[in-house]
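One structure is given below, encoded as structure tokens.
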Amino acid sequence: MNAWSLLAAAPVEPALPSIDDFGKDPIGIVILKSAVIFIVLMLGVLFGVWYERKLISRMQNRYGPNRAGKFGLLQSVADGLKMGLKEDLMPRTVDKVIYFIAPVVLGVPAFLAFSVIPMGPKVNMFGVETPLQLTDLPVAVLLVLAMASIGVYGIVLAGWGSRSPYAMLGGLRASAQVVSYEIAMGLSFVGVFLFAGTLSTSGIVAAQASGNTLTLGGLDIPMPSWYMVLLLPSFLIYIVTMLGETNRVPFDLPEGEGELVGGFQTEYSNSLKFAVIMLAEYVNVFVVSAVSITLFMGGWRAPAPITTFWPEANTGYWPLLWFFLKMVLLFSFFIWARASLPRVRYDQLMSLGWKILIPVNLGWILLVATVRAMQIEGVNRTMVMILGALVVVGCFAIWLRFDTVLQRRKEDRAAQVEAEFEQLQAEPAAGGFPVPPLDLPHYRGVAAAAETRANKTAEVPSGSN
Amino acid sequence: MTEAVPSYLSPTGQEIVFLLLGAMAVGSALLVVTTRQLVHAALWLVVCFGALAGCYLVLTAEFVAWVQVLIYVGAVIVLLLFGIMLTRAPIGRTADLDSGNRAVAAVVAVATAAVLVTVVVDGFRNAYAPLDPGAGSAGELGSAIFRNWVLPFEALSVLLLAALIGAIVISRTDIRGRD
Chain P
1 MNAWSLLAAA
11 PVEPALPSID
21 DFGKDPIGIV
31 ILKSAVIFIV
41 LMLGVLFGVW
51 YERKLISRMQ
61 NRYGPNRAGK
71 FGLLQSVADG
81 LKMGLKEDLM
91 PRTVDKVIYF
101 IAPVVLGVPA
111 FLAFSVIPMG
121 PKVNMFGVET
131 PLQLTDLPVA
141 VLLVLAMASI
151 GVYGIVLAGW
161 GSRSPYAMLG
171 GLRASAQVVS
181 YEIAMGLSFV
191 GVFLFAGTLS
201 TSGIVAAQAS
211 GNTLTLGGLD
221 IPMPSWYMVL
231 LLPSFLIYIV
241 TMLGETNRVP
251 FDLPEGEGEL
261 VGGFQTEYSN
271 SLKFAVIMLA
281 EYVNVFVVSA
291 VSITLFMGGW
301 RAPAPITTFW
311 PEANTGYWPL
321 LWFFLKMVLL
331 FSFFIWARAS
341 LPRVRYDQLM
351 SLGWKILIPV
361 NLGWILLVAT
371 VRAMQIEGVN
381 RTMVMILGAL
391 VVVGCFAIWL
401 RFDTVLQRRK
411 EDRAAQVEAE
421 FEQLQAEPAA
431 GGFPVPPLDL
441 PHYRGVAAAA
451 ETRANKTAEV
461 PSGSN
Chain U
1 MTEAVPSYLS
11 PTGQEIVFLL
21 LGAMAVGSAL
31 LVVTTRQLVH
41 AALWLVVCFG
51 ALAGCYLVLT
61 AEFVAWVQVL
71 IYVGAVIVLL
81 LFGIMLTRAP
91 IGRTADLDSG
101 NRAVAAVVAV
111 ATAAVLVTVV
121 VDGFRNAYAP
131 LDPGAGSAGE
141 LGSAIFRNWV
151 LPFEALSVLL
161 LAALIGAIVI
171 SRTDIRGRD
């Protein structure tokens, strides 16, 4: 047994939930599951905020909240109570309806997306055999994406309805960012769909139960079962888009404090509405973490070595523990990123999203699709290879053409600027209007420095207040 | 389409929901063109598209429904809102939203609706399609598009690609037209 097959090893279990197991629960079980998901998410946000503050404090060599309750555990509870008791401000010029519903539009889809996240196999719940998942659809992953795109409205409307330039700019920034990172996010799922052959979340988890073997020229190569390893580029791109989608550091431009105060939530001063916005942001973080667990990290299954020593690890209610541990791990990653990365600039954010993540993703999808096409039984492999080669050569030719044209254009422009500069150097009045010689002392700072020395208060350099 | 047509007098729950969603779509579409608040018009359009997605869902076309939410609600109208908010986004009523061509527009709209309704009623007069779950799944839709309807699909792709390139060319200032 080599390392690969160990990673792929999973005991055979009888009752993997499939799409047919859903929609059969009695109403009581449905209500119970929804209530549990809701309450656990609320508690998760409360202690998630505490955990984030505590962990980032330790990373920054300080203690963090330690006054309310043991280890400051009740800090978020106290903050929540405070927000609930504060006066609910409604600025005079806002669009009242939209200002009011924006936090709701932000919050509800975040909770809804959790309904399709699988958290365990079939268990016996009060005598009913039911999967540990509220519901599933043949297109469940699309539901998660759709919910994320509805959540964008909360941001746009909060920004616009607040009637404040900061909020407006923050809202526009946030929604532009979320919409563009959603494209890369959707594309990074395509590889998973191609390998799993389904869009249902329980189906994707079941597909990661055991690794397949790839037959390549008479050679059997055991493949890892988690898509995180098998589709590493997709996973890495998803991790980046996950940070962008939830407006977390290093992509937290919507609330760049230096520029935009609080971004789209500027006018939601500490009332219950602000609490709902914060709640929605944290639930969104949990949703993207849960999606990455489901799609890339084997879902609720125990990590590889555990099942080898303890075959029961994937049965009963135990998977809830593995799911929770993976959630904690991913949430810690969010905090780690927040503690270590500086905020990117807006143009850097957009060019990363559109010019790197999306093209790389598309190329990777082409590769994955080709590999999948080769694996189909009885397919004309030479045909696939010829088509693939044609596409690669075509892409290369287009790239070469654009690259040479761009290069030539760049050189032309540099030469033009150079010529103009020389001409102006020689005759300042060239071009129809007098241009001062470009090497006058005050351009080079000699006169300016003398002037500054003469009266020091004349000019306050930026950043010195 | 060979099933016996059940009586219209005892509608099933599905049919009632479908009718309600249809009424919602038409009503919010009317509000889009009659409201005097610009941003609210875009938001009513969201409701309209959402109701349409609900109709697809009732007709068991799950994939189309969620793609409708994802693309139309989640991207197209957000871009529309961007456009409105970046140029002019007044709160409250705007006086100059009415076009002078109201009557003509109403006539064109009613005529288009009449043509569409006549075509549909004429084409599917007594047709009754039973709904079986799963007929609108991604797999079914994919094999339909890439087996039977691959040519229209490719033609549309080329059209969209042309539009994309056109948008890039128009928005770039360093590409000049031929003098």
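These protein sequence lines are chains P and U, in that order. Mapping of the first sequence onto the UniProt record's numbering: residues 1 to 465, in sequence order. Mapping of the second sequence onto the UniProt record's numbering: residues 1 to 179, in sequence order. Here a beta-carbon is modelled for each residue, glycine too, at the ideal position from N, C-alpha and C. Please read these numbers as outputs of a predicted model, since none were measured by experiment.
Subject >> Best match in P:Val344, P:Phe189, P:Ile306, P:Ala113 for proximity to Asn284 of chain P [C-alpha to C-alpha] >> reply: Measuring C-alpha to C-alpha distances from Asn284 of chain P to each of P:Val344, P:Phe189, P:Ile306, P:Ala113 identifies P:Ala113 as the nearest.
**OP:** Rounded to whole angstroms, what's the CA-CA distance from Ser5 of chain P to Val288 of chain P? Just pull it up for me.
**Re:** Residue placement at Ser5 of chain P is poorly supported in this model, since its pLDDT is 42, which falls under 50; the coordinates are not used for a value here.
**OP:** With 7 angstroms as the threshold, decide whether the Cβ of Pro138 of chain P is near any Cβ in chain U.
**Re:** Nearest CB-CB separation between Pro138 of chain P and chain U: below the 7 angstroms threshold.
**OP:** Could you check the C-alpha separation between Arg92 of chain P and Ser332 of chain P for me, to the nearest Å?
**Re:** The alpha-carbon separation between Arg92 of chain P and Ser332 of chain P amounts to approximately 40 angstroms.
Subject >> Pairwise C-alpha distance: Gly203 of chain P and Ser18 of chain P >> reply: Taking the straight line from one Cα to the other gives about 6 angstroms.
Original post:
In chain C, what lies closer than 7 angstroms to Ala138 of chain U by C-beta?
Top reply: The displayed structure is made up of protein chains P and U, and chain C is not among them.
Subject >> DSSP three-state assignment for Asn284 of chain P, whether helix, strand or coil >> reply: DSSP, reduced to helix, strand and coil, places Asn284 of chain P within a helical segment of the structure shown.
Original post:
Which chain U residues are close to Leu143 of chain P, counting only those with a beta carbon under 7 angstroms from its beta carbon?
Top reply: Listed along chain U, the residues sitting closer than 7 angstroms to Leu143 of chain P by beta-carbon distance are Trp66.
Original post:
Can you round the beta-carbon distance between Gln177 of chain P and Leu32 of chain P to whole angstroms, since I take them to be within the 8 angstroms contact cut?
Top reply: Actually they are not in contact, since the Cβ atoms of Gln177 of chain P and Leu32 of chain P sit about 37 angstroms apart, beyond 8 angstroms.
**OP:** Give a yes or no on whether 7 angstroms exceeds the smallest Cβ distance from Thr12 of chain U to chain P.
**Re:** Answer no: the Cβ-Cβ gap between Thr12 of chain U and chain P never drops below 7 angstroms.
Original post:
Would the beta-carbon of Ala174 of chain P fall within 7 angstroms of that of Pro254 of chain P?
Top reply: Yes. Within cutoff.
**OP:** Identify the continuous beta strand (DSSP E) that holds Pro131 of chain P and give its terminal residues.
**Re:** According to the DSSP assignment, Pro131 of chain P belongs to the beta strand (DSSP E) that extends over 128-131.
**OP:** Give the residues of chain U in contact with Ile150 of chain P, contact being defined as C-beta atoms less than 8 angstroms apart.
**Re:** One finds Val69, Val73, Gly74 in chain U with Cβ atoms closer than 8 angstroms to the Cβ of Ile150 of chain P, taken in chain order.
**OP:** Using a Cβ-Cβ cut-off of 7 angstroms, state whether Val117 of chain U counts as contacting chain P.
**Re:** By this cut-off, Val117 of chain U is not an interface position.
Subject >> Proximal residues of chain P, C-beta to C-beta of Val121 of chain U below 7 angstroms >> reply: Residues of chain P passing the Cβ test: none, with the nearest at roughly 31 angstroms.
**OP:** Just tell me which of P:Thr294, P:Gly72, P:Lys82 has its CA closest to the CA of Asn209 of chain P.
**Re:** Checking the displayed sequence, the identity of residue 209 of chain P turns out to be Ala instead of Asn. Of the candidates P:Thr294, P:Gly72, P:Lys82, the one whose C-alpha sits nearest the C-alpha of Ala209 of chain P is P:Thr294.
Original post:
Hey, is Ser175 of chain P's beta-carbon within less than 7 angstroms of any beta-carbon in chain U?
Top reply: By this cut-off, Ser175 of chain P is an interface position.
Original post:
For Asp20 of chain P and chain U, any beta-carbon pair shorter than 7 angstroms?
Top reply: Interface annotation, Asp20 of chain P: not in contact with chain U, CB-CB separation never under 7 angstroms.
**OP:** Check the Cβ-Cβ distances between residue 485 of chain P and every residue of chain U, and say whether any is below 7 angstroms.
**Re:** No answer is possible for residue 485 of chain P: the residues shown for chain P start at 1 and end at 465.
Subject >> Exposure label - Pro11 of chain U; buried when at least 16 CB within 10 Å >> reply: Exposed, since its Cβ has fewer than 16 Cβ neighbours within 10 Å.
Original post:
CA-CA distance, Ala129 of chain U and Ala135 of chain U?
Top reply: The alpha-carbon atoms of Ala129 of chain U and Ala135 of chain U are separated by roughly 12 angstroms.
Subject >> Neighbour-count burial assignment, Ala109 of chain U, 16 or more Cβ in a 10 Å radius >> reply: It counts as exposed.
**OP:** Would you verify that the beta carbon of Glu154 of chain U is, or is not, closer than 7 angstroms to some beta carbon of chain P?
**Re:** Taking CB atoms only, Glu154 of chain U has no neighbour in chain P less than 7 angstroms away.
**OP:** Taking the CB atoms as reference points, tell me whether Met228 of chain P and Gly211 of chain P lie closer together than 7 angstroms.
**Re:** Taking 7 angstroms as the Cβ cut-off, Met228 of chain P and Gly211 of chain P do not qualify as a contacting pair.
Original post:
Hey, is Val78 of chain U's beta-carbon within less than 7 angstroms of any beta-carbon in chain P?
Top reply: Residue contact check for Val78 of chain U against chain P: a CB pair falls below 7 angstroms.
Original post:
Looking at the structure shown, is Asp79 of chain P part of a helix, part of a strand, or coil, going by DSSP?
Top reply: Look at Asp79 of chain P here: in three-state DSSP terms it is helix.
Subject >> Buried versus exposed call for Glu257 of chain P [16 or more other C-beta atoms within 10 Å across all chains shown] >> reply: Around the Cβ of Glu257 of chain P, a 10 Å sphere holds fewer than 16 other Cβ atoms; the residue is exposed.
Original post:
In the DSSP assignment, what residue or residues form a beta bridge with Met125 of chain P?
Top reply: Met125 of chain P pairs with P:Val128.
**OP:** Using the Cα positions of Ser171 of chain U and Asn148 of chain U, report the straight-line distance between them to the nearest angstrom.
**Re:** About 37 angstroms.
**OP:** Can you tell me which of P:Ile398, P:Ile101, P:Val276, P:Gly44 puts its alpha carbon nearest to the alpha carbon of Leu74 of chain P?
**Re:** Selected option, being the one with the closest Cα: P:Gly44.
Subject >> Environment of Gln416 of chain P [buried if 16+ CB atoms lie within 10 Å] >> reply: Around the C-beta of Gln416 of chain P, fewer than 16 other C-beta atoms lie within 10 Å, and the residue is accordingly described as exposed.
**OP:** May I ask you to list, following chain order, the residues of the stretch 12-40 of chain U that have a beta carbon less than 9 angstroms from some beta carbon of chain P?
**Re:** Those residues of the stretch 12-40 of chain U that come within reach of chain P (Cβ to Cβ, closer than 9 angstroms) are Gln37, Val39, His40.
Original post:
What residues in its chain sit with their C-beta under 7 angstroms from that of Val77 of chain P, if we drop five residues either side in the sequence?
Top reply: Excluding five sequence positions before and after Val77 of chain P, the CB atoms of its chain that fall closer than 7 angstroms to its own CB belong to Leu46, given in chain order.
Subject >> Between the CA atoms of Val104 of chain P and Ser340 of chain P - distance to the nearest angstrom >> reply: Each residue's Cα considered, the two are about 32 angstroms apart.
**OP:** Note the first and the last residue of the continuous alpha helix (DSSP H) segment covering Asn361 of chain P.
**Re:** First-last of the alpha helix (DSSP H) with Asn361 of chain P: 358-375.
**OP:** Could you tell me the distance, in whole angstroms, from the CA atom of Ile356 of chain P to the CA atom of Gly72 of chain P?
**Re:** The straight-line gap from Cα to Cα measures roughly 42 angstroms.
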